[in-house]
Structure formats: structure tokens, C-alpha cells
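Visitor:
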Amino acid sequence: ISLLENILVVAAIFKNKNLHSPMYFFICSLAVADMLVSVSNASETIVIALINGGNLTIPVTLIKSMDNVFDSMICSSLLASICSLLAIAVDRYITIFYALRYHNIVTLRRAMLVISSIWTCCTVSGILFIIYSESTTVLICLITMFFTMLVLMASLYVHMFLLARLHMKRIAALPGNAPIQQRANMKGAITLTILLGVFVVCWAPFFLHLILMITCPRNPYCTCFMSHFNMYLILIMCNSVIDPIIYAFRSQEM
Numbered sequence: 001i002s003l004l005e006n007i008l009v010v011a012a013i014f015k016n017k018n019l020h021s022p023m024y025f026f027i028c029s030l031a032v033a034d035m036l037v038s039v040s041n042a043s044e045t046i047v048i049a050l051i052n053g054g055n056l057t058i059p060v061t062l063i064k065s066m067d068n069v070f071d072s073m074i075c076s077s078l079l080a081s082i083c084s085l086l087a088i089a090v091d092r093y094i095t096i097f098y099a100l101r102y103h104n105i106v107t108l109r110r111a112m113l114v115i116s117s118i119w120t121c122c123t124v125s126g127i128l129f130i131i132y133s134e135s136t137t138v139l140i141c142l143i144t145m146f147f148t149m150l151v152l153m154a155s156l157y158v159h160m161f162l163l164a165r166l167h168m169k170r171i172a173a174l175p176g177n178a179p180i181q182q183r184a185n186m187k188g189a190i191t192l193t194i195l196l197g198v199f200v201v202c203w204a205p206f207f208l209h210l211i212l213m214i215t216c217p218r219n220p221y222c223t224c225f226m227s228h229f230n231m232y233l234i235l236i237m238c239n240s241v242i243d244p245i246i247y248a249f250r251s252q253e254m
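Residue numbering for the sequence shown follows the working numbering, starting at 1 and increasing by one per position.
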């Protein structure tokens with residue numbers, strides 16, 4: 001379901017010329033990340049089920065290699081999701097507070113450069129994280145990166161919503177359809193706030209699991225929480241299913 005939904009999102013963005021804007025290309029990047037998370041998670045689950053059921057026989061070394069590939073895809077996609085959400089937040093911030101200069105600041109060329117940089121850095125980082133996954137330092141880096149990005153995005157959104165009303169009053173005095181455009185920009189900011197909220201709800205248990213692995217692996221309460229790891233993976237996959245539904249309901253063009 002997630003694969004089909006996100007393919008439709010990507011297809012809609014590329015087919016509809018009205019959606020050929022930096023924000024929608026960042027959304028496309030997020031959709032691709034969601035798609036890779038769901039595909040890699042589902043593929044790994046299917047392979048494990050086949051092996052445990054005795055329906056598939058694979059050498060141990062190959063199983064380890066496949067597991068590393070799937071985990072690298074998941075990790076890279078996670079990082080790309082976070083970075084894409086941050087890119088969208090920055091885009092909305094510029095749209096609201098630098099509305100008259102937005103098209104000079106955020107061009108399609110710069111947006112594509114940012115997206116390319118995101119995927120290059122996230123792919124390399126994801127592979128390195130899995131290679132050195134036995135190291136506690138790597139887990140700490142991943143957790144720190146996750147919460148740093150969340151704090152940064154939350155700061156941007158708080159600033160946007162605190163000052164947006166004042167900014168809308170000022171721009172309302174300008175001729176043309178500036179107020180209408182500003183309301184559309186605020187709607188985009190609200191949409192991305194919903195996306196961020198869903199992302200946090202779906203991914204937070206997984207990162208809490210990582211934190212407990214480091215801080216209290218033998219505590220009975222921590223062990224109880226960590227025993228539901230498969231449920232947290234299902235939540236991650238739910239994020240990939242929910243995001244396209246949000247796009248569809250919040251964007252008339254899509």
C-alpha cells in the first residue's frame with residue numbers, strides 16, 4: 001500500500017506542472033524516502049519469515065550481507081526523511097518571512113542541489129552507521145542527529161506561527177493577491193507541521209528503543225519496552241502509509 005501511495009505522489013508531482021516547485025520537489029524526496037523505508041522493511045520481514053519457515057535456504061554470510069543492505073537502506077531513508085522534512089521547514093520559513101524574495105532565494109536549481117546533497121550525504125552516512133553499528137558511539141550520533149533535527153524544525157515552526165500573524169497584517173497592505181498567497185503559504189506550513197507530528201509519533205518509539213539499549217539494557221522495564229521492537233517497525237511502516245494520505249487531503253493540486 002505504501003509503495004503504491006508514494007509512487008502515485010511522485011507521479012502526480014512530475015506529471016502536474018503546477019507542482020513543479022521547490023516545496024513539492026522536497027515532498028517528492030520525502031515520498032521516495034518513505035517508499036524505500038517501506039520496501040526495505042517489508043523485504044527484510046518477508047526474507048526472515050521465509051528463512052524461519054524453512055522455505056528459503058541461504059548461506060549465513062549471505063544472510064548477514066542482505067541484512068546489512070536492508071538496514072543501510074532503512075537508515076539512509078530515515079536520514080533522508082529527517083533532512084527532507086528540515087528542507088521543507090526551511091522552505092516554508094522563507095516563503096512566509098521572505099515572501100517577496102522567495103523566488104530569488106529558493107530556485108529549482110538550488111532545490112535540486114539540496115536534494116542531491118541530502119541523498120548523497122544520507123546514503124554515505126547510512127552505510128557507515130550500519131558498518132559500525134556495534135559501536136555505541138554510532139547509536140549516540142544517530143540519536144543526537146534525530147533530536148537535533150527535531151529541535152531545529154520545532155524552533156522554525158514556533159517562530160513561523162508566532163510571527164506569521166504580524167507578517168500577514170503587513171503584507172495585507174500590499175496590492176494584488178499577496179494576502180491570498182500568504183494564506184496558502186500558512187496552509188503549507190500547517191501541512192508540514194502535521195507531517196512532522198506524524199513522523200515523531202511513528203519514529204519516537206524506535207529511537208527510545210535505541211536509547212534504552214544504551215542506557216539500561218538489563219533493566220526489566222527497559223527490557224519489557226524493547227521486547228515490542230516489531231511493533232515499532234510496524235509504526236515506522238505506518239508513517240510511510242499515512243504521509244501520502246496527508247498530501248492528498250491537504251493539497252488540492254494533488
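Every residue gets a Cβ at the ideal spot worked out from N, C-alpha and C, and that includes glycine.
Keep in mind that this is a model prediction, so the values were computed, not measured.
Rounded to a whole number of angstroms, what is the C-alpha to C-alpha distance between residue 221 and residue 117?
Guide: Using only the alpha carbons, I get a separation of about 41 Å.
Visitor: Can you give me the C-alpha to C-alpha distance between residue 23 and residue 237, rounded to a whole angstrom?
Guide: The alpha-carbon atoms of residue 23 and residue 237 are separated by roughly 24 Å.
Visitor: Do you know how far the Cα of residue 6 is from the Cα of residue 210?
Guide: For residue 210 and residue 6, the distance between alpha carbons rounds to 28 Å.
Visitor: Under 9 Å, do residue 115 and residue 154 count as touching if we go by C-beta distance?
Guide: The answer is no: Cβ separation not under 9 Å.
Visitor: Of the residues 215, 130 and 235, which one's Cα is nearest the Cα of residue 204?
Guide: Ranking the options by Cα distance to residue 204, first place goes to 235.
Visitor: Have a look at residue 41 and residue 166 and give me their C-alpha separation to the nearest angstrom.
Guide: Roughly 45 Å separates the two Cα atoms.
Visitor: Please go through the same chain and pick out, in chain order, the residues whose beta-carbon is closer than 6 Å to the beta-carbon of residue 149, but skip the five residues on each side of it.
Guide: Only 82 and 86 meet the Cβ criterion.
Visitor: Do residue 208 and residue 92 have their beta-carbon atoms positioned less than 9 Å apart in this structure?
Guide: No, the Cβ-Cβ distance between residue 92 and residue 208 is not below 9 Å.
Visitor: With three or more beta-carbon pairs closer than 8 Å as the criterion, would you say the stretch 39 to 59 touches the stretch 91 to 106?
Guide: Judged by Cβ distances under 8 Å, the stretch 39 to 59 makes no contact with the stretch 91 to 106, as fewer than three pairs qualify.
Visitor: Residue ranges of each alpha helix (DSSP H) run of no fewer than 4 residues wholly in the stretch 96 to 146, ordered along the chain?
Guide: Whole alpha helix (DSSP H) segments, 4+ residues: 102 to 105 and 108 to 131.
Visitor: Going by Cα to Cα distance, which pick from 163, 76, 228 and 13 is closest to residue 36?
Guide: Here the closest residue by C-alpha is 76.
Visitor: Could you work out which residue in 219, 246 and 202 is closest to residue 38 when comparing CA atoms only?
Guide: Comparing Cα-Cα distances from residue 38 to each of 219, 246 and 202, the minimum goes to 202.
Visitor: Can residue 79 and residue 122 be called in contact, C-beta distance under 9 Å?
Guide: Their beta carbons are under 9 Å apart, which means residue 79 touches residue 122 by this criterion.
Visitor: Hey, residue 72 and residue 1 are a contact pair by Cβ (cut 8 Å); roughly how many whole angstroms apart?
Guide: Wrong, their Cβ atoms sit about 24 Å apart, outside the cutoff.
Visitor: So, helix, strand or coil for residue 45, using DSSP?
Guide: Three-state result, residue 45: helix.
Visitor: Considering only residues of the same chain and omitting the five flanking positions on each side of residue 244, which have a CB-CB separation below 6 Å?
Guide: Counting only Cβ-Cβ distances below 6 Å, and skipping sequence neighbours, we find 5, 6 and 9.
Visitor: For residue 7, report the span of its alpha helix (DSSP H) as first-last.
Guide: It spans 2 to 15 - the alpha helix (DSSP H) in which residue 7 sits, taken as one unbroken run.
Visitor: Compute the beta-carbon to beta-carbon distance between residue 43 and residue 26, rounded to the nearest angstrom, for a pair I have assumed lies under 8 Å.
Guide: 26 Å between Cβ atoms; not a contact.
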